[in-house]
Amino acid sequence: MTRAAEAKRVTKETEVTIRLRIEGDGIMKGGTGIAFFDHLLASMIKHSGFDLELNVRELVHVDDHHVVEDVALVLGCALRKALGDKKGIMRFGHAIIPMDDSLSMVAIDLSGRPYLVFNADFSRNDIGGMALENIRHFFRSLATSSCSTIHALVLHGVNDHHKAESLFKALGVALREAVSLSGKGNIPSLKGVL
Ligand SMILES: [Mn+2]
2 MTRAAEAKRV TKETEVTIRL RIEGDGIMKG GTGIAFFDHL LASMIKHSGF DLELNVRELV
62 HVDDHHVVED VALVLGCALR KALGDKKGIM RFGHAIIPMD DSLSMVAIDL SGRPYLVFNA
122 DFSRNDIGGM ALENIRHFFR SLATSSCSTI HALVLHGVND HHKAESLFKA LGVALREAVS
182 LSGKGNIPSL KGVL
């Protein structure tokens with residue numbers, strides 16, 4: 002089984018095209034031009050087991066905000082397309098992932114209902130060209146466009162790089178579980194629709 006999709010978003014600010022393959026090898030190709038964001042995405046993809054091909058053009062450069070937001074929106078859209086009617090998936094996924102001093106938890110429900118609970122405190126303003134306030138924005142945009150409930154929490158930590166990276170690794174592992182096949186061919190909802 003190969004679940005894959007392409008999604009594209011063109012605005013006056015950015016052009017983002019994403020190809021996503023669920024049954025992949027954890028490989029990310031291309032980048033966003035934002036060094037730390039690329040690092041976080043590559044970590045997430047590595048641990049999700051997906052393949053991701055990113056094509057990002059920034060038409061107006063203001064700061065990192067538009068690229069982070071638009072990549073999240075297109076990624077969520079590609080994920081939703083690739084999953085189709087969600088027949089046979091586990092639907093729920095969660096992970097608690099340490100990185101040295103930091104511990105993060107992500108729980109996801111591919112519910113069809115966008116919702117985000119986010120709790121993380123960072124002491125720096127930015128790392129590698131990415132404003133750390135945009136990490137919350139990434140998760141919110143992803144939850145919205147993928148129509149998922151996501152709880153993303155940094156439980157504790159000292160180093161902001163570790164906090165952010167453990168959060169994205171936890172997202173990857175939680176997604177890997179949520180999209181995995183249960184062996185039952187039905188839609189995992191009493192409503193019959195996800
Ligand atoms: Mn925004």
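Here the sequence shown stands for residues 2 to 195, numbered as in this note's numbering.
Cβ atoms here follow ideal geometry from the backbone N, Cα and C, with glycine treated the same way.
S105 has its alpha-carbon roughly 17 Å from the corresponding atom of R141. Relative to ligand 1, the beta carbon of E70 is positioned inside 7 Å of a heavy atom.
At a threshold of 7 Å, H66 counts as near ligand 1, since its beta carbon sits closer than that to one of the ligand's heavy atoms. Inclusion of D26 and D52 in the CB contact set at 8 Å is warranted, their separation being smaller than that value.
The secondary-structure analysis by DSSP pairs D127 across a beta bridge with A132. Secondary structure at T145: helix, using DSSP grouped into helix, strand and coil.
By the Cβ neighbour-count rule, D161 is buried, with 16 or more other Cβ atoms within 10 Å of its own. T150 is bridged by DSSP to D110 and Y116. Residue nearest to L154 within the set A6, I109 and L60 is I109 (criterion: CA-CA distance).
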